[in-house]
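So the structure is just underneath, and the comments pick up after that.
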Amino acid sequence: MNYITHIPLLMQVQRTQTPAEEEEEEEETEELGHVDTYADYKPSKSTIGISHPDIVVETNTLSSVPPPDITYTLSIPNLTINCGLLSALQLEAIIYACQQHEVILQNNQRAGFLIGDGAGVGKGRTVAGIILENYLKGRKKALWFSVSNDLKYDAERDLKDINAPTIPVHALNKIKYGDTATSEGVLFATYSALIGESQAGGQRRTRLKQILDWCKPGFDGVIVFDECHKAKNATSTKMGKAVLDLQHKLPLARVVYASATGASEPKNMIYMSRLGIWGDGTPFKTFDDFLHAIEKRGVGAMEIVAMDMKVSGMYIARQLSFSGVSFRIEEISLDDDFKLVYNKSAKLWAETLAVFMRAADELCLVSRKSLWGQFWSSHQRFFKYLCIAAKVRCLVELANKELEAGKCIVIVLCPWLSEALVKHLGGIFLWSLLGGFMTVTLVTVVNMPLCLGLVGFSTARIEEMKQDLLNKIADLGKELPLNTLDELIDKLGGPEKVSEMTGRKGRVVRRPDGSVRYESRAEQSHTIDHINLKEKDRFMCGEKLVAIISEAASSGISLQADKRVKNQCRRVHMTLELPWSADRAIQQFGRTHRSNQVTAPEYIFLISELAGERRFASIVAKRLESLGALTHGDRRATESRDLSKYNFENKYGTKALDKITKAILGHIESKVSPPKGYPGGDSLFFRDMKHGMMDVGIFCKEPRFGLSTEKDCSITKFLNRILGLEVHKQNSLFQYFTDNFDYLIEKDKKEGKYDMGILGIDVDRGMPWEEAYEKAQNLNSPDEGFYLSYKVSLAGYHRAESDALHVPARILMQYQEACDTVSPSKDSWESQFNFSFGKCSHANWNGKCKKIEEGQECLQGMRLRQYHMLCGALLRVWKRVADVVSDITSSSILTDTLINAREVLDNMMRTSVDRQSVIQYQPNEWDSA
């Protein structure tokens, strides 16, 4: 007889009788395993072309659905195809784009196509190939919109690379308003040019009209919206409206949307009007209907959108393999001196808030919206500067260590930082910012009584308050950090060793004698417009081994370890500050990870230990999660997926915020305890947090209601504001918030309400003896093994998410003192294994189950799990399905699960599941479903 030996199998000592069946049992929390994120990609239905030079992958969710059959025949010369000027992947995208362009939508507009390939796959050549294909078909004019006029040279290079140098590229910014003499070729323009206008000669001329006149009525050529995420928020920006207007006025144009990011949220898809997802002849009459249906269903629905778009032939999205790419987050500890300065700053801002309130009351101000808007904007900017300054020392140490290891450094700054530094070039720029804001705002408040005719005591009192504050600002300013960007350049060797690619025109340079001076970035032989390109060349040839870039250089620039350049050292991509939007983040990450590279980069995200700063990682994590779902069919598909633990901007974050504010105000008794170890205990924690929330404006006093939460206090505002608390207070408050956040998620998981998105599942959760025995011989740590509580029998053994089976530490700690070690035999294991296939734990313990006797379902401890599946193209019937499910289950929850079809059928055969219970909708059944 076989036994498993030397395994910690813990069984609760039965001090009492077997638990009665009437006893309420804790619901099992089943963790469905996430499927592997990526699958190797090869064209499934296109057979022409040479393989792509680098490994390309597609998310498992998108790879689970096939593209449509190919009906289009290319006109691109065989020489271009056979020489590999366009790879098989790029040719596939060209074919599907041209095939989709032959479709006319119900609104009589030509269907468009979205290229969602990740940065570095070669969207430029793909777009050039689409233009070449249409040029050969006789459509000699094309429009190409991008984010920078400099990218015109890239467009010319891409056309030349595919053996189409005869197609001319005209820069719209070099053509006079009203001039439409250009006969054919590509008209290259930026998105900002779409809203350009001129009043020269007393006549109003617009670029949009000039473009329409050049295209002429009936235009059926190509319109490329490269980096099309720039057209987001189409209803709220002039640029977005112009993009929609252009598509509307050229209904037969062949529209191509090209971007690695596409849209960061469903609402930003509005400019993709040619995809035919909403409008006449679709289930969604307007974009708002589509938006409501998708946002109501959550992330799972957004993943369905991407899959449905691929099935319908309007979308393709591949990206470079992340093989060899490493990601890590460096959480930076703060020294005592910095914490002291930070705490002084927090106290000064709290005092400033009180002074401003007194001043506003003194003046009897009725409208204070503008005042507080400026105040909190500068409050946020100040503490964000301070957070970034805390990382400089650590970043320089990391950079020098990597340089010594033979690597080169790419440092990414947020655009607002480099732009703001142009205005704050003094050594103590934080002092300038804080003092300047307070001076301007307080002077405005001081002068306001004069405008209102209120002079005398109030004015003198406010002047005294202002001077007192400015004196304190001057004292604090002496301790604040230096200009971050210029300090970085100085610490890493100065401008001679650092390539700066930002939008600023000048910088502060330290002289050999220690003094500093301001100098222009322009050089004798290069204008400021071309200096970024020159700095890029110096980095790529190895003349400089450190590059610092901002958004001004993050679109279209390539800094990877290219096989064609001299500097082939591995890139270490350091992010000092995550961008405000995922669009910018993806562009920046794609600068160092591209095709034709010798080595993949390393990504390092620097986040200080300040809890409130995680708010900035939270924004990007939220956008990236949503972005991956929309543009790659899997919300975990974006490069910084490891940041998901910082994502608090969701319904759980909102609920957690509501609970902690009510608990701190004493309106409810929280089920989550305050952080342990807070000085003074729980009572002092709640008192300090109440005062702290008042200091940052989250709590405010109302004449009638007393202390209450500020109106419209969103999770964004909360995480912004707590940056203004002292270090130990904001960390404790943030811990209390995250504890509530985790509690709510765990609660929803137990109740089956948690949306995990696309998951992999096992119908049979049991583990045969042979598999258990093999795992038992290959445990990775002393804590791994097979554990059993008094409520669970051997029938309850489940597959764990990791290869080893274990009980979480919190449960083990709860039961370990009253557990004995047991070694089960093969016979007993197999007996329980077979018993648990069709019967619950109650039947095992008591010989019967009360729920079963009452005609109810009971799955407690059973191997078999039952899932009801709807398969196929569900987007068109999504609303109807959701309504039906909601009516039946009294819940709006729909879980989107990816299952391997072969495994499902095998499970059905093995477990005798009725195949008729699996319903599949095909596209031709949408209307009859």
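Going letter by letter, the sequence shown gives residues 1 to 929 in full-length UniProt numbering.
Quick reminder that beta carbons are idealized off the backbone N, C-alpha and C, glycines included.
Since the structure is predicted, the reported quantities are computational estimates derived from the model, not experimental observations.
Could I get the ranges of all uninterrupted beta strand (DSSP E) runs contained in the region 679-766, with 3 residues as the minimum, in chain order? 699-702 and 706-709
If you draw a straight line from the alpha carbon of Arg507 to that of Leu395, how long is it in whole angstroms? 20 Å
Near Leu371, which residues of its chain fall below 6 Å by C-beta distance, leaving aside the five closest residues on each side in sequence? none
Contact set for Glu523: own chain, Cβ-Cβ below 7 Å, skip 5 residues either direction: Ile531
Restricting to Cα atoms, I'd like to know which of Gln106, Asp712, Thr654 and Glu577 is closest to Asp280. Gln106
Could you check whether Leu413 and Leu576 sit closer than 9 Å to each other, using their CB atoms as the reference points? yes
Please say whether Thr502 and Leu488 have beta carbons closer to each other than 9 Å? no
Would you mind giving the Cβ-Cβ distance between Ile211 and Leu143, rounded to the nearest angstrom? I have them listed as a contact below 8 Å. 7 Å
Run through DSSP, which three-state label would Leu129 get? The residue asked about is misnamed: residue 129 is Gly in this sequence, not Leu. DSSP places Gly129 in helix when its eight states are reduced to three.
Cβ separation of Ala346 and Glu726, assumed to be a contact under 8 Å, to the nearest whole Å: 5 Å
Could you check the C-alpha separation between Leu559 and Lys141 for me, to the nearest Å? 32 Å
Would DSSP call Gln99 helix, strand or coil? helix
Pick out whichever of Asn149, Gly185 and Thr166 has its Cα sitting closest to the Cα of Asn173. Asn149
Assuming Ala97 and Ser46 make a contact with CB atoms under 8 Å, what is their CB distance in whole Å? With 8 Å as the limit, Ala97 and Ser46 do not qualify as a contact, their Cβ atoms being about 12 Å apart.
Looking only at its own chain, which residues have a Cβ that is under 7 Å from the Cβ of Lys701, when we skip the five neighbours before and after it? Leu707
Would you tell me roughly how many angstroms separate the C-alpha atoms of Met767 and Cys858, rounded to the nearest one? 20 Å
Own chain, CB closer than 8 Å to Lys285, minus 5 neighbours either side, in chain order: Trp278 and Gly279
Do you know offhand how far Glu102's Cα is from Pro601's? 40 Å
Here's a check: name, in chain order, each residue in its chain whose Cβ is nearer than 7 Å to the Cβ of Lys152, leaving out the five neighbours to either side. Val169, Ala171 and Phe188
Where Tyr72 sits in the DSSP three-state scheme: coil
Quick one: which unbroken beta strand (DSSP E) runs of 3-plus residues sit fully inside the region 235-281? Chain order, please. 254-258
Since Gln380 and Leu723 are thought to touch, with beta carbons under 8 Å apart, how far apart are those beta carbons, to the nearest angstrom? 7 Å
Would you check if the distance between the CB atom of Asp540 and the CB atom of Ile411 is smaller than 9 Å? The sequence given here has Met at residue 540, not Asp. Their beta carbons are not under 9 Å apart, which means Met540 does not touch Ile411 by this criterion.
Pick from Ser323, Asp161, Gly406 and Cys228 that is closest to Tyr191, judged by C-alpha positions: Cys228
Out of Ser64, Arg125 and Ser608, which has the shortest C-alpha to C-alpha gap to Gln90? Arg125
Using 8 Å as the cut-off, can you tell me whether the region 239-253 makes contact with the region 59-68, which would need three or more C-beta pairs spanning the two stretches below that distance? no
What would DSSP say about Thr502, mapped onto helix, strand or coil? coil
Closest residue to Ile607 among Asp468, Ala390 and Thr738 (Cα-Cα distance): Ala390
For Val255, which of Pro283, Met269 and Asp220 has the nearest alpha-carbon? Asp220
Tell me which residues share the same chain as residue 941 and place their Cβ nearer than 6 Å to its Cβ, disregarding the 5 neighbours each side in the sequence. Because the chain is modelled from 1 through 929, residue 941 falls outside the range shown and cannot be assessed.
Stretch pair the region 656-675 + the region 733-743: three plus CB contacts closer than 8 Å: yes
Pull up the DSSP beta-bridge partners for Trp144, would you. Phe188 and Val224
Spatial neighbours of Ser146 within its chain, please: CB distance less than 6 Å, with the 5 preceding and 5 following residues excluded, ordered by chain position. Asp226 and Glu227
Assigned exposure category for Arg880 - 16 Cβ within 10 Å defines buried: exposed
So, are the CB atoms of Arg110 and Arg274 less than 9 Å apart? yes
Which one or two residues does DSSP pair with Ile104 in a beta bridge? Arg110
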